[in-house]
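Remarks on the structure that follows.
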Amino acid sequence: MPVLLLIVGINFIGVGALIPVLPYTVIEMLGLPASVMTMLLASFALAMFVANPILGRLSDHYGRRRILFLSLAISAAAHLWFALSTDILSMFASRIIAGFASGNTGVVQAMIADRTTDEKRAQYMGLLGAAIGVGFVAGPALGGLFSHIGSGPLHQAPFLLAAGFSLLALVLTLRLKAPPGGRLVPEGEEAGLMTRVEVLVRSPLALYAVVAMVLNLAFAQVEASFVLVLRDYLGFGARETGWLFTYIGVCIVIVQAVLIRHIVARFGEVGAMGLGGVLLFCGQIITVLAVVGLLPGSAYPLIQTMMATTAICVGFAVASPA
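If you want the numbering used here, it's the position in the sequence shown, counting the first as 1, plus 3.
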């Protein structure tokens, strides 16, 4: 389990390194509108959404470790491609491929579920979130710092860094022990597509799946539009954006590594999800009111931004493991 969490942390250091520089690359280097940048980010997220169940099913058939290894190799190649790209079409293609490879998060979750009991599952899923948070602690800071290294485009060094971290995570997968028993889904036991959809719709888990989708949708704006808020509202550049996202990662790590077990014990999993949702909602509202100038204390925009950021990241950190 420690090796698996280390792999996740290292991989997300690479992913986090890209956040501070991607908007500035598209808008400032290529001279394209902000809508193109958000579409570029959305293409990554959509590819990851599509890939998650596909990679999960492939891991059922061919083994978790094998699919994780392959996806990390693809991720490294996609990051390298983006680092060398100078046109928007190549950037879109490489980000879509990287997004598909990042669907391996579902594989990692399945590996944790395979190795834990029901009583410990929420705790270890919280540790998974903490490992991702560690990546977002170090990644954005490194991305902001590396954006000023070398004479190439702003995005080149951070994306080369991301490729290197993906390769390091790939090497670490060799230390993972493959689960015994070969195929996890025996021949002849696969249900048809419509059967699986029907089971999902009728399952009590369907509601939780919808809630998880809404929570992730609400948090996704942090990576896209929130970066634009930092640039236009506070005048942040890549380096300052990197440090703020490092703060977000610290909050996520503290909540999911230390506090989540106590919150779930106190409120239950459903209560924790509700609490996180309320905090996430409040953070979004504070952001909107601050940007349009309707929040008291407009002379202190950084304080308003930190209030909103804290509510958003703590809310997501509480709700997602639950």
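Where is the CB? At the ideal position from N, CA and C, for every residue including glycine.
All values reported here derive from a predicted model rather than from experimental measurement.
Euclidean distance between Cα positions of glutamate 190 and cysteine 254: As a first step, residue 190 is located in the sequence shown; it is residue number 187 there, counting from the start. As a first step, residue 254 is located in the sequence shown; it is residue number 251 there, counting from the start. Its pLDDT being 48, under 50, glutamate 190 is placed unreliably in this model, and the value from its coordinates should be taken loosely. Rounded to the nearest whole angstrom, the CA to CA distance from glutamate 190 to cysteine 254 is 45 angstroms.
Do you know offhand how far glycine 146's Cα is from proline 161's? Indexing the sequence shown from 1 puts residue 146 at position 143. Indexing the sequence shown from 1 puts residue 161 at position 158. Distance between the alpha carbons of glycine 146 and proline 161: 5 angstroms.
Would you say serine 78 and serine 88 are within 8 angstroms of each other, going by their C-beta atoms? On the sequence shown, residue 78 is found 75 positions in, with the first residue counted as 1. On the sequence shown, residue 88 is found 85 positions in, with the first residue counted as 1. With respect to the 8 angstroms criterion, serine 78 and serine 88 are not classified as neighbours on the basis of their beta carbons.
Cβ neighbours of phenylalanine 149 in the same chain (closer than 6 angstroms, five flanking residues each side left out): Against the sequence shown, residue 149 aligns to sequence position 146. Contacts found: Ala160, Pro161, Leu164.
Ignoring anything shorter than 4 residues, give me the alpha helix (DSSP H) runs that lie fully in the region 111-156, in order along the chain. Runs found: 121-149.
Verify whether the separation of the beta carbon atoms of glycine 102 and glycine 17 is less than 8 angstroms. On the sequence shown, position 99 is the one that residue 102 refers to. On the sequence shown, position 14 is the one that residue 17 refers to. No, these two residues do not count as a Cβ contact at 8 angstroms.
Does the region 129-141 come close enough to the region 247-261 to have 3 or more Cβ pairs within less than 8 angstroms? The region 129-141 makes contact with the region 247-261, as at least three CB pairs between them are under 8 angstroms.
Buried or exposed for arginine 205, please, with buried defined as at least 16 other CB atoms from any protein chain shown within 10 angstroms of its CB. Numbered from 1 along the sequence shown, position 202 holds the residue referred to as residue 205. Answer is exposed; the Cβ neighbour count stays below 16.
What do you reckon, are the CB atoms on phenylalanine 95 and serine 46 nearer than 8 angstroms? If you number the sequence shown from 1, residue 95 lands on position 92. If you number the sequence shown from 1, residue 46 lands on position 43. Yes. Within cutoff.
Here's the rule: buried if 16 or more other CB atoms are within 10 angstroms of the residue's CB, otherwise exposed. What is tyrosine 127? For this step, residue 127 is matched to residue 124 along the sequence shown. Classification of tyrosine 127: buried, given that the 10 Å Cβ count is 16 or more.
For the structure I just gave you, are there three or more beta carbon pairs, one from the region 107-119 and one from the region 51-61, closer than 8 angstroms? Contact between the region 107-119 and the region 51-61 is present: 3 or more CB-CB pairs across the two stretches fall below 8 angstroms.
Using a Cβ-Cβ cutoff of less than 6 angstroms, which residues in the same chain neighbour arginine 242 once the five nearest sequence positions on both sides are dropped? For this step, residue 242 is matched to residue 239 along the sequence shown. Hits under 6 angstroms: Gly147.
Given a cut-off of 8 angstroms on the beta-carbon distance, is the pair leucine 283 and alanine 311 in contact? In the sequence shown, residue 283 corresponds to position 280, counting from 1. In the sequence shown, residue 311 corresponds to position 308, counting from 1. No, they are not a contact pair.
Please state whether the Cβ-Cβ distance between isoleucine 10 and alanine 172 is less than 8 angstroms. The residue labelled residue 10 in the question sits at position 7 within the sequence shown. The residue labelled residue 172 in the question sits at position 169 within the sequence shown. In this structure, isoleucine 10 sits near alanine 172, with a CB-CB distance shorter than 8 angstroms.
Under 8 angstroms between C-beta atoms of glycine 280 and leucine 218: For the purposes of this step, residue 280 is identified with residue 277 of the sequence shown, where counting begins at 1. For the purposes of this step, residue 218 is identified with residue 215 of the sequence shown, where counting begins at 1. Result yes, Cβ atoms of glycine 280 and leucine 218 sit closer than 8 angstroms.
Tell me the rounded alpha-carbon separation between leucine 75 and alanine 104. The residue given as residue 75 occupies position 72 in the sequence shown. The residue given as residue 104 occupies position 101 in the sequence shown. The straight-line gap from Cα to Cα measures roughly 7 angstroms.
Measuring straight from C-alpha to C-alpha, what distance separates aspartate 117 and valine 6? Working through the sequence shown from its first residue, we reach residue 117 at position 114. Working through the sequence shown from its first residue, we reach residue 6 at position 3. Their Cα atoms are separated by approximately 15 angstroms.
Could you check the C-alpha separation between valine 294 and leucine 305 for me, to the nearest Å? Position 291 of the sequence shown holds residue 294. Position 302 of the sequence shown holds residue 305. Taking the CA atoms as reference points, valine 294 sits about 11 angstroms from leucine 305.
Should glycine 132 go down as buried or exposed, given a rule of 16 or more other Cβ atoms within 10 Å for buried? As a position in the sequence shown, residue 132 is number 129, starting the count at 1. The residue in question, glycine 132, is buried, as its Cβ has 16 or more Cβ neighbours within 10 Å.
Give the single residue among Gly274, Leu130, Thr108 whose Cα lies nearest to the Cα of isoleucine 70. Position 67 of the sequence shown, counted from the first residue, corresponds to residue 70. Per the Cα distances, Thr108.
Rounded to whole angstroms, what's the CA-CA distance from histidine 151 to valine 24? Just pull it up for me. Taking the first residue of the sequence shown as position 1, residue 151 is located at position 148. Taking the first residue of the sequence shown as position 1, residue 24 is located at position 21. Histidine 151 and valine 24 have their C-alpha atoms spaced approximately 10 angstroms apart.
Test item: CB-CB of valine 256 and glycine 136 under 8 angstroms: Here the question's residue 256 lines up with position 253 in the sequence shown. Here the question's residue 136 lines up with position 133 in the sequence shown. Against a cut-off of 8 angstroms, the Cβ pair of glycine 136 and valine 256 comes out as a contact.
Cβ atoms of alanine 134 and leucine 8: under 8 angstroms apart, would you say? Position 5 of the sequence shown holds residue 8. Position 131 of the sequence shown holds residue 134. At the C-beta level, leucine 8 and alanine 134 come within 8 angstroms of one another.
With DSSP run on the structure shown, which of helix, strand or coil describes threonine 89? Here residue 89 refers to the residue found at position 86 of the sequence shown. If DSSP states are grouped into helix, strand and coil, threonine 89 belongs with coil.
In whole angstroms, give me the CA-to-CA distance for threonine 290 and cysteine 316. Translated into positions along the sequence shown, residue 290 becomes position 287. Translated into positions along the sequence shown, residue 316 becomes position 313. Using only the alpha carbons, I get a separation of about 13 angstroms.
Nearest to glycine 129 by alpha carbon, out of Ile288, Leu262, Gln287? Your numbering for residue 129 matches position 126 in the sequence shown. Comparing Cα-Cα distances from glycine 129 to each of Ile288, Leu262, Gln287, the minimum goes to Leu262.
With valine 267 and alanine 275 assumed to form a contact (beta carbons below 8 angstroms), what rounded beta-carbon distance in angstroms separates them? On the sequence shown, residue 267 is found 264 positions in, with the first residue counted as 1. On the sequence shown, residue 275 is found 272 positions in, with the first residue counted as 1. That pair is a contact at about 5 angstroms.
State the start and end residues of the unbroken alpha helix (DSSP H) segment that holds tyrosine 236. Here residue 236 is taken as the residue at index 233 of the sequence shown, counted from 1. Start and end: 228-237.
With DSSP as the reference, label histidine 64 as helix, strand or coil. Start at 1 with the first residue of the sequence shown, and residue 64 comes out as number 61. Assignment of histidine 64 by DSSP, reduced to helix, strand and coil, places it in the helix class.
With a Cβ-Cβ cutoff of 8 angstroms, do glycine 286 and glycine 318 count as a contact? Taking the first residue of the sequence shown as 1, we reach residue 286 at position 283. Taking the first residue of the sequence shown as 1, we reach residue 318 at position 315. Contact annotation: glycine 286 and glycine 318 have beta-carbon atoms nearer than 8 angstroms.
Check whether asparagine 55 and glycine 106 have beta carbons under 8 angstroms apart: If you number the sequence shown from 1, residue 55 lands on position 52. If you number the sequence shown from 1, residue 106 lands on position 103. Asparagine 55 places its beta carbon less than 8 angstroms from that of glycine 106.
Could you pull out every residue in the same chain whose Cβ sits closer than 7 angstroms to the Cβ of tryptophan 246, ignoring the five residues on either side in sequence? Start at 1 with the first residue of the sequence shown, and residue 246 comes out as number 243. So the qualifying residues of the chain are Ala144, Gly147.
Would you tell me roughly how many angstroms separate the C-alpha atoms of leucine 179 and phenylalanine 270, rounded to the nearest one? Numbered from its first residue, the sequence shown carries residue 179 at position 176. Numbered from its first residue, the sequence shown carries residue 270 at position 267. Roughly 35 angstroms separates the two Cα atoms.
Using three-state DSSP, classify proline 5 as helix, strand or coil. One-based indexing of the sequence shown puts residue 5 at position 2. It is helical.
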